[in-house]
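Asker: Here you go, one structure.
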Amino acid sequence: MSTARTRTLLFLAPGLGWLALFMLVPVGIVIADSFFQRGVYGGVVYTFTFENFARAFDPLYAGVLLTSAKIAGLATLAAVLIGYPAAYAIARGPKRRQPLLLFLVMLPFWSNYLIRTYAWIVLLNREGLLNQGLRVLGYEGEPINMLYTDATVVVGLVYNYLPFVILAIYASLSRLSGDLWEVSSDLGASPFDTFRRVILPLSLPGIAAGAVFVFVLSIGNFVTPDLLGGGRVQMVGNLIYDQFLSARDWPFGSALSFLLIGIMMALLFAQALVVSRSQGEHHG
Amino acid sequence: MADATAPPAPARRRRPVGLRVLRGHLWLVYGFLYVPIAVLVLLSFNRAGLPTAWGGFSVHWYGELAANTAIQRAALNTLIVAVSSTLIASLLGTLLALAVERRQRRSGLLDAVLFAPMIIPDIILAIALLSFFTLMRVTLGLHTIVIAHVVFNIAFVCAVVRTRLKHFDYAIVEASIDLGAGEFTTFRRVTLPAIFPGVLAAALLAFTLSVDEFIIAFFTAGAGQSSTTLPMQIFSMIRFGVTPEINALATIVMLVSFTVLFTAQRMNRGVIGADA
C-alpha cells in the first residue's frame, strides 16, 4: 500500500471509528431492541416480536404520531412561507450587505435552544407581555393563557428553525445569476412569470433542504412540546422520552424511534431526488 | 439601514414596489427573531420579583445567581464537558476532513455517515446512546456526556474544515515536498497554518454547541446531581416557572454564546451561515 493511502486511512480511522462505535452501533441497538419484548421490571427480553410496531399504530399512539406530523407540517409550511420572502429580500439586496444580513439571521439560531423557547414563555404567559399589551389596549377580561396549545408549539418551532430555512433558501437563490431576472424580463416575461417559471423552480432544492430540516427536527422534538405544550401537547419525542425515563418500556420507545428514523430517511431521500432532478434540468 | 447611504446606481431601474414590500417583511422577520430575546434581557434587570411588571433597574438577580452554588457547579460541569469534547472533536474532525477532501472518489455512504449526526433528532441519539451504554454496562457520568457530544461535534468540525479545504490549493503542498520538506514538516508548516483559522472557528462553534446541548446530556448523564450540566439546570428551572433569576442566567449564557460566535465569524468569514 502506498504511503498516501495509508495516511488517508490513518486520518479516517479515529473519526469514523468514533462515529461507528457511538452512533451507528447505538442506532443499530435501538433498531434491534424494537423487535424485542419488554421485561417485567423494564429492560429488554430477547424474544422476537412485532408487537411494538402494532402498538405504535393502535389508535392511542397513532393519534400522537398524527398530531406530531400535523404540528411538524404546519411549522414547516409556516417557516417556508415566512422564510422564502426573507431569503429573497436578502439575495436581491446589495451584494456587500448580504453577509451581515445573513449573520443577523443566523445569530439567534446558534444560541441556546432552551433559552429561545423560554423567551416565548416569558412573552405568552398569563402575566406576560402580550397579555399586558392587551390590557393597555383596553381588554378587561381574564388574562388569556396563550401557552400550552398546538399553535404555541408551532410558533416555538418556527421561531427556532426559521433561520436555517432562510439560510438554505438563500444559498440556492444566491447561486442564480443576477442576469436571470433581466434576461427573463427582456424576453417579455412579467416579474411574476419570471418568479414562477424561472426563479421558484431553480430555488426548489433550497426549499427542500430547509423544509426537510424543519420537519425532521420538529417531528422528533421534545423540548418545545414539553415547555410550550406543557404536557398538554404530546408529540412522538415526548412519547419516546416517557418510554425511556418513566414507563421504562425501552422496546416500544425503540420502535417509535425506528419509525422516526424511517421518516427521516424517506424525507432525505426525497430531498436528494429534488436536488438531482433540478441539477439534471440545469445541465441537461 | 436607510437606502440613502448607498450611492445611487444610475444604470439601474427604480426599486420595484414588490422589492420594498419584501424588505419590510425582512425587517419584520428580524423583529420576530430578536424581540423575544430582547425582552428576556431587559427583564433580567428588573428590580421587581414578578416576571414582567417593571419595578426599576437592578442587578439584584445577577447577585442571586452568583450566590447559587448549584448553578456554579453545573457551569463547571458544562465547561469540563465542552472543553473536552471540543478538543477531541477538533482533532478527529480535522483529520477526517483532510482525508475526505484528498480522496479522489466521492462516497455517498461516507457523506451520509458524516451528515447524519447533524440531522438526526437529538432524542434519538440520546436514547440510542443510553441503550448502548446500558448494554455495555458503562457507568454514566460526565465522561459519557463527553463521548456523546464528540459524536455531533466531529461531524460539525469536519463540515466546517472541509469548506475551508475547498479553497485550499494543494499545489503548495506539492511545492513544499518538491523543495525537500518531509511530510510532517509540510503538514506543520504549510497545510496546518492554511487551514488553522477554519479549525479554530470550527472549535469555537463546537464549543457553543456542546455548552448549549441539553437532551443528549440529559440522557447520558445518569442519575444524581454530580453530572448536571447548565442546560439541564436551566431546564429544571424553566419547568418550575418563570423567574427573574432564569432571565439573568439566560442573558449571561447568550452573551457568552454571542461573543464566541462573533469571534468565530471574525476568524473565518461566513462560518456561521453565509459561505463566503
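From first to last, the protein sequence lines stand for chains A and B.
Position in the first sequence (from 1) plus 4 gives the number in the working numbering.
Position in the second sequence (from 1) plus 1 gives the number in the working numbering.
By construction, the Cβ of each residue, glycine as well, lies at the ideal position given by its N, Cα and C atoms.
With H, G and I counted as helix, E and B as strand and the rest as coil, what does DSSP make of A/Thr-40?
Answerer: Mapped onto the first sequence, residue 40 of chain A falls at position 36. At residue 40 of chain A the sequence reads Phe, which differs from the Thr that was named. Coil at A/Phe-40, not helix or strand.
Asker: Taking the alpha helix (DSSP H) that A/Tyr-174 falls in, what are its first and last residues?
Answerer: Along the first sequence, one-based indexing puts residue 174 of chain A at 170. A/Tyr-174 -> alpha helix (DSSP H) spans 154-178.
Asker: Give a yes or no on contact between the stretch 228-236 of chain A and the stretch 208-218 of chain A, applying the rule of three or more CB pairs nearer than 8 Å.
Answerer: The stretch 228-236 of chain A is not in contact with the stretch 208-218 of chain A.
Asker: State the Cα-Cα distance for the pair B/Thr-264 and B/Val-84, rounded to the nearest angstrom.
Answerer: One-based indexing of the second sequence puts residue 264 of chain B at position 263. One-based indexing of the second sequence puts residue 84 of chain B at position 83. Taking the straight line from one Cα to the other gives about 17 Å.
Asker: Give me the residue from B/Ile-155, B/Ala-67, B/Ala-75, B/Ala-160 with the minimum Cα distance to A/Pro-3.
Answerer: Examination of residue 3 of chain A is not possible in this model, given that chain A is present from 5 through 288 alone.
Asker: Here's a check: name, in chain order, each residue in its chain whose Cβ is nearer than 6 Å to the Cβ of A/Leu-133, leaving out the five neighbours to either side.
Answerer: Position 129 of the first sequence holds residue 133 of chain A. Answer for A/Leu-133: Leu-127, listed in chain order.
Asker: In chain B, which residues lie less than 7 Å from A/Leu-221 when you measure between Cβ atoms?
Answerer: For the purposes of this step, residue 221 of chain A is taken as the residue at position 217 of the first sequence. Within chain B, the residues near A/Leu-221 are Pro-122.
Asker: Do A/Ala-274 and A/Val-237 have their CB atoms nearer than 9 Å?
Answerer: If you number the first sequence from 1, residue 274 of chain A lands on position 270. If you number the first sequence from 1, residue 237 of chain A lands on position 233. For A/Ala-274 and A/Val-237, no; Cβs fall outside 9 Å.
Asker: For B/Met-255, which residues in chain A fall below 8 Å Cβ to Cβ?
Answerer: As a working note, residue 255 of chain B is residue 254 in the second sequence. Going along chain A in sequence order, the residues near B/Met-255 (Cβ under 8 Å) are Ser-115, Asn-116, Ile-119.
Asker: Can you give me the C-alpha to C-alpha distance between A/Val-29 and B/Gln-226, rounded to a whole angstrom?
Answerer: Taking the first residue of the first sequence as position 1, residue 29 of chain A is located at position 25. Taking the first residue of the second sequence as position 1, residue 226 of chain B is located at position 225. Spanning the two alpha carbons is a distance of roughly 28 Å.
Asker: Could you please give me the residues that DSSP links to B/Phe-58 through a beta bridge?
Answerer: For the purposes of this step, residue 58 of chain B is taken as residue 57 along the second sequence, with counting starting at 1. B/Asn-47.
Asker: For a contact defined as C-beta to C-beta under 7 Å, what are the partners of B/Tyr-31 on chain E?
Answerer: Absent here is chain E; the protein component of the structure consists of chains A and B.
Asker: Is it the case that the Cβ atoms of A/Ala-60 and A/Leu-263 are separated by a distance below 9 Å?
Answerer: In the first sequence, the residue the question calls residue 60 of chain A occupies position 56. In the first sequence, the residue the question calls residue 263 of chain A occupies position 259. In this structure, A/Leu-263 lies closer than 9 Å to A/Ala-60 by Cβ.
Asker: In three-state DSSP terms, what is B/Gly-181?
Answerer: Reading the second sequence from its first residue, position 180 is the one you call residue 181 of chain B. Coil, per DSSP.
Asker: Could one say the Cβ of A/Ala-73 lies closer than 9 Å to chain B's Cβ atoms, at least one of them?
Answerer: Position 69 of the first sequence, counting from 1, holds the residue named residue 73 of chain A. No, A/Ala-73 does not count as interfacial toward chain B.
Asker: Taking one C-beta from the stretch 232-250 of chain B and one from the stretch 102-119 of chain B each time, how about it: are there three or more such pairs within less than 8 Å?
Answerer: The stretch 232-250 of chain B is not in contact with the stretch 102-119 of chain B.
Asker: DSSP three-state call for A/Gly-19: helix, strand or coil?
Answerer: Along the first sequence, one-based indexing puts residue 19 of chain A at 15. DSSP places A/Gly-19 in helix when its eight states are reduced to three.
Asker: By DSSP's criteria, A/Gly-46 is part of a beta bridge. Which residues make up the other side?
Answerer: Working through the first sequence from its first residue, we reach residue 46 of chain A at position 42. Answer by DSSP bridge pairing, in chain order: A/Val-44.
Asker: Three-state secondary structure (DSSP) at B/Ser-211?
Answerer: Against the second sequence, residue 211 of chain B aligns to sequence position 210. Helix.
Asker: Secondary structure at B/His-26, three-state DSSP: helix, strand or coil?
Answerer: By one-based count along the second sequence, residue 26 of chain B stands at place 25. In this structure, B/His-26 counts as helix in the three-state DSSP scheme.
Asker: Check whether the Cβ atoms of A/Ile-94 and A/Tyr-174 sit closer than 9 Å, and answer yes or no.
Answerer: Counting from 1 along the first sequence, the entry for residue 94 of chain A is found at position 90. Counting from 1 along the first sequence, the entry for residue 174 of chain A is found at position 170. Contact flag set, yes.
Asker: How is A/Ala-193 classed by DSSP in three states: helix, strand or coil?
Answerer: Counting from one through the first sequence, the residue named residue 193 of chain A turns up at place 189. Here A/Ala-193 sits in coil by DSSP.
Asker: Considering B/Arg-163, what are the terminal residues of the alpha helix (DSSP H) in which it resides?
Answerer: Stepping through the second sequence from its first residue, residue 163 of chain B is reached at position 162. It spans 143-167 - the alpha helix (DSSP H) in which B/Arg-163 sits, taken as one unbroken run.
Asker: Contact criterion: CB-CB distance below 9 Å. Does A/Ile-148 meet it with respect to chain B?
Answerer: In the first sequence, counting from the first residue as 1, residue 148 of chain A sits at position 144. A/Ile-148 does not count as touching chain B.
Asker: Strictly under 9 Å for the Cβ-Cβ distance: is B/Phe-220 near chain A by that measure?
Answerer: For the purposes of this step, residue 220 of chain B is identified with residue 219 of the second sequence, where counting begins at 1. By this cut-off, B/Phe-220 is an interface position.
Asker: Quick check: what's the CA-CA separation for B/Ala-127 versus B/Ile-217?
Answerer: Along the second sequence, one-based indexing puts residue 127 of chain B at 126. Along the second sequence, one-based indexing puts residue 217 of chain B at 216. Taking the straight line joining both Cα atoms gives about 4 Å.
Asker: What does A/Ser-261 reach in chain B if we use C-beta pairs closer than 8 Å?
Answerer: Position 257 of the first sequence, counting from 1, holds the residue named residue 261 of chain A. Result: Ile-124, Ile-125, Ile-128, Ala-129.
Asker: At a CB distance below 8 Å, what residues from the stretch 34-48 of chain A approach chain B? Give them in sequence order.
Answerer: Result list: Val-34, Asp-37.
Asker: Along the chain, where does the alpha helix (DSSP H) containing A/Asn-56 start, and where does it finish?
Answerer: As a working note, residue 56 of chain A is residue 52 in the first sequence. Per DSSP, A/Asn-56 belongs to the alpha helix (DSSP H) from 55-60.
Asker: Does the pairing of the stretch 250-267 of chain A with the stretch 36-44 of chain A give three or more beta-carbon distances under 8 Å?
Answerer: Segments in contact, yes.
Asker: Any heavy atom of the ligand NAD closer than 8 Å to the CB of A/Leu-180?
Answerer: Within the structure as shown, the ligand NAD is missing, as the structure has no ligands at all.
Asker: With a floor of 4 residues, list each alpha helix (DSSP H) that falls wholly inside the stretch 53-127 of chain A, ordered by position along the chain.
Answerer: The stretch 53-127 of chain A contains these whole alpha helix (DSSP H) runs: 55-60, 63-96, 102-110.
Asker: Between B/Asn-47 and chain A, is there a C-beta pair that is closer than 9 Å?
Answerer: Counting from 1 along the second sequence, the entry for residue 47 of chain B is found at position 46. No - not a single Cβ of chain A is within 9 Å of the one on B/Asn-47.
Asker: Any beta-carbon of chain A closer than 9 Å to the one on B/Val-161?
Answerer: As a first step, residue 161 of chain B is located in the second sequence; it is residue number 160 there, counting from the start. Not closer than 9 Å to any Cβ of chain A, the Cβ of B/Val-161 fails to qualify, so no.
Asker: Taking Cβ to Cβ, would you say B/Gln-95 is nearer than 9 Å to B/Ile-196?
Answerer: In the second sequence, the residue the question calls residue 95 of chain B occupies position 94. In the second sequence, the residue the question calls residue 196 of chain B occupies position 195. Checking the sequence, you will find Thr at residue 95 of chain B rather than Gln. Against a cut-off of 9 Å, the Cβ pair of B/Ile-196 and B/Thr-95 comes out as a contact.
Asker: Considering B/Leu-99, what are the terminal residues of the alpha helix (DSSP H) in which it resides?
Answerer: Within the second sequence, the letter at position 98 stands for residue 99 of chain B. Per DSSP, B/Leu-99 belongs to the alpha helix (DSSP H) from 70-103.
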